[in-house]
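So the mapping is simple: my numbering equals the position in the sequence shown, first residue as 1, plus 2. Quick notes on the structure that follows.
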Amino acid sequence: MDPVIIVGAGPVGLTLALLLTRQNVPVVVLDEGPGKDEPRPARTVVLREDTAALLERLTGLALEEHGVRWAGWRSVRRKQVMTEITFAEDDPAAPLHIAQHIVTNALRAALAGEPLAEVATDSRLDAVEQERTGVTAHTRAPKAAWWHGSYLVGCDGPRSTVRKLQDIRFPGRTAVERHAVATLRTELPWEGHALLHRMPPWKSSGPSAGEVTARPLPDGAWRLDWLLPPGKDLVTPEVVLTRIHETLTGWTGGDAPAYDLLDTGVHTVHHRLARRWRAGRVFLAGDAAHLLGAFGTQGLDEGLRDADNLAWKLATAWHHGPHEALLDSYQTERRAVVAARLRAADQALPVLRGGGLRGIVPGAARGQDAQFTDGHLGRGALGTPGDYAGSPLTPPRLEAAISVDTPPGAQVTDVRVTAEDGSFVRLRDRLGRGALLVVLIAPGTGVWDRKHWVSAGVMPRLAAAVTALPHPAELLVAESYPGAPAHSVLLVRPDGHLVTALSGVRPADLYTAAEATLGGSASEAEPVAEEAREGQQGQAQEQEEQPMSERAATAEAGSGLR
């Protein structure tokens with residue numbers, strides 16, 4: 003079968019390529035550039051817990067060694083501290099700030115070691131043709147060529163050629179926010195803490211600076227962003243230097259500290275959402291599908307989640323044949339999440355930027371500050387990773403379904419689990435391999451050698467149920483999971499979202515949930531589910547017919563799981 007063609011070699015396209023090759027799917031990456039990102043200190047990204055973990059898993063790179071995990075967050079309005087948060091040294095919720103070229107080059111290096119990946123540099127797409135069994139892409143000179151693939155994914159940014167060739171509309175708002183950016187090396191009074199300063203009290207010699215943000219980088223560097231007033235006023239080097247001097251002087255309360263200016267730029271935030279994310283065998287991901295970023299939110303986070311969502315679905319279709327409902331679910335799930343983020347931002351814009359409620363509603367200033375904090379820290383409606391509660395892949399109501407602290411469709415909590423080879427690993431480390439994860443919650447197993455409990459208690463029956471699932475699955479055991487009682491079973495998608503939690507080993511319900519996760523209907527799963535249900539009832543009857551002494555012996559052998 004032909005490889006998957008990925009157009010664009012930014013972080014999203016490279017992440018998707020790595021996710022596919024790790025699931026034994028060959029890829030061709032069409033890169034219109036020379037194959038290397040040049041350093042731009044003013045072009046940085048803030049990664050949340052889930053996206054940072056995804057990139058570290060794919061690249062093997064300890065991102066904290068090349069970026070800075072925030073030690074804390076401060077929000078100031080005029081001279082008043084509104085919010086102050088300190089993160090523990092090992093707190094995964096602390097955002098990670100890193101230069102984008104480090105991320106991109108690490109992904110390139112990882113992809114270079116994948117035998118199933120081909121990267122074609124200086125290859126600019128100019129045509130896409132779809133057939134019933136595949137898709138063909140053409141790149142123009144100097145490296146004119148035809149490329150044949152099974153599917154094609156446009157990860158080629160805001161001006162996506164793929165999107166235009168598929169005649170997909172990209173409505174939204176232009177220049178929602180505009181920022182002047184400078185990266186400099188200096189000393190600030192709050193080492194390692196990110197800062198949002200609204201309505202700073204110093205008098206600006208140019209257009210009023212209503213907001214400035216400081217985010218730490220390695221080696222004493224900082225990225226400063228000044229919110230510019232509406233309009234298209236030219237941001238000259240003199241304007242940037244003036245803002246730097248005024249800001250540093252205002253923060254230190256005296257003469258501006260010495261600094262080394264590393265880079266400058268202008269960052270414009272647009273809010274747009276593609277009408278369709280799938281057109282036959284062609285998909286959109288990342289900035290080609292959506293643009294967002296007001297109030298400190300990060301569009302790259304959502305682009306990486308696009309790749310994580312799409313990869314296992316494409317891999318399933320590539321290995322096992324057409325799964326149209328599964329592929330359709332990519333647009334349904336991801337577009338709904340991003341649309342909700344955009345709606346939340348657009349609803350907040352008039353209030354947070356206009357400030358109309360500040361003099362009317364008591365406490366409105368603190369409420370506004372909470373929304374800014376949510377956006378910058380990846381929380382609340384502006385920043386929390388979305389869930390897929392309304393997904394078409396949601397299984398029907400299951401008799402054995404129970405509630406845990408993670409709602410169905412949300413990202414699972416990262417806990418320690420025991421793998422099938424007996425090793426202790428993190429749950430998140432088993433994601434992205436294309437397999438479903440079945441997690442048994444079994445307190446006490448951590449102190450037992452695997453050979454003593456793998457064939458005891460419910461394990462043989464659960465292992466048999468996992469083997470019978472309609473998709474490859476890995477069986478894991480956890481001592482605990484937030485809100486999950488002992489002996490419960492979790493079914494987790496390859497991208498780390500919870501499908502369901504079941505009270506005990508229920509092969510029929512487990513099969514039904516797995517079938518729905520692949521886009522199958524409950525009616526399609528019913529014959530096999532009924533067979534599993536009959537087997538489950540037969541095992542229960544056999545246990546009832548056991549002599550009491552044998553049943554006691556069985557219970558004792560499985561005590562490590564009970």
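For each residue, glycine too, the CB sits at the ideal point set by N, CA and C.
Taking the C-beta atoms as reference points, V237 is found nearer than 7 Å to A182. Of the residues A281, P410 and L477, the one whose Cα lies closest to the Cα of L154 is A281.
Around the beta-carbon of L275, 16 or more other beta-carbon atoms lie within 10 Å, marking it buried.
A check of alpha carbon separations from A313 across D92, L493 and R24 identifies R24 as the nearest. When DSSP assignments are scanned along the segment 281-309, the uninterrupted stretches of beta strand (DSSP E) that are 3 or more residues long and fall wholly within it turn out to be 284-286. Across the structure, V83 and A515 are spaced so that their CA atoms are roughly 49 Å apart. For P496, the CB contacts under 7 Å within the same chain, skipping 5 residues up- and downstream, are W314, L433, G434, R435, G436, A437 and L438 in chain order. In the displayed model, F426 falls within a strand according to three-state DSSP. Under a 10 Å Cβ-count criterion, P36 is classified as exposed, with fewer than 16 other Cβ atoms of the shown protein chains found around its own Cβ. Between the C-alpha atoms of V406 and P487 there is a straight-line separation of about 8 Å. Under the 8 Å Cβ criterion, the segment 258-266 counts as touching the segment 181-200, having at least three qualifying pairs. The three-state reading of DSSP puts S77 in strand, counting E and B together.
Contact check for A350 against Q373 passes: the beta carbons are separated by less than 7 Å. S490 is positioned such that its CB atom lies closer than 7 Å to that of I443. I87: member of the beta strand (DSSP E) spanning Q82 to T88, first to last residue. Every unbroken stretch of the beta strand (DSSP E) spanning 3 or more residues and falling wholly within the segment 186-243 is given here in chain order: 195-200, 213-218 and 223-229. Take the alpha-carbon of R278 and the one of S162: they are about 13 Å apart. Straight through space, the alpha carbons of G411 and S393 are spaced by roughly 8 Å. A258 is not a Cβ neighbour of H269, given a cutoff of 7 Å. When rounded, the separation of the alpha-carbon atoms in P117 and A291 is 29 Å. For H103, the enclosing alpha helix (DSSP H) has its first and last residue at Q102 to A114. Contact between the segment 219-238 and the segment 39-48 is established, with three or more Cβ pairs separated by less than 8 Å. For D389, no beta strand (DSSP E) encloses it, and the DSSP letter there is neither H nor E. Three or more Cβ pairs closer than 8 Å define a contact, and the segment 60-79 meets that threshold against the segment 89-97. Going by C-alpha positions, M3 is about 8 Å away from W320.
For D511, the enclosing alpha helix (DSSP H) starts and ends at P509 to T519.
Taken through DSSP and simplified to helix, strand or coil, Y261 comes out as coil. In terms of Cα proximity to A55, the closest of T415, R381 and T420 is T415. The beta carbon of V48 sits closer than 6 Å to those of P97, H99 and Q300, all from its chain and outside the five residues before and after it, given in chain order. Under the three-state reduction of DSSP, Y332 is assigned to helix.
A90 sits exposed, since fewer than 16 C-beta atoms from the chains shown fall within 10 Å of its C-beta. A straight line joining the alpha-carbon of A367 with that of M201 spans about 12 Å. DSSP places V47 inside the beta strand (DSSP E), whose first and last residues are T46 to L49.
Per DSSP, the unbroken alpha helix (DSSP H) holding R463 starts and ends at M461 to T469. DSSP lists A480 as the bridge partner or partners of I443. Excluding its 5 nearest sequence neighbours in each direction, P5 has C-beta neighbours in its own chain below 6 Å: P28, V29, V30 and G151, listed in chain order.
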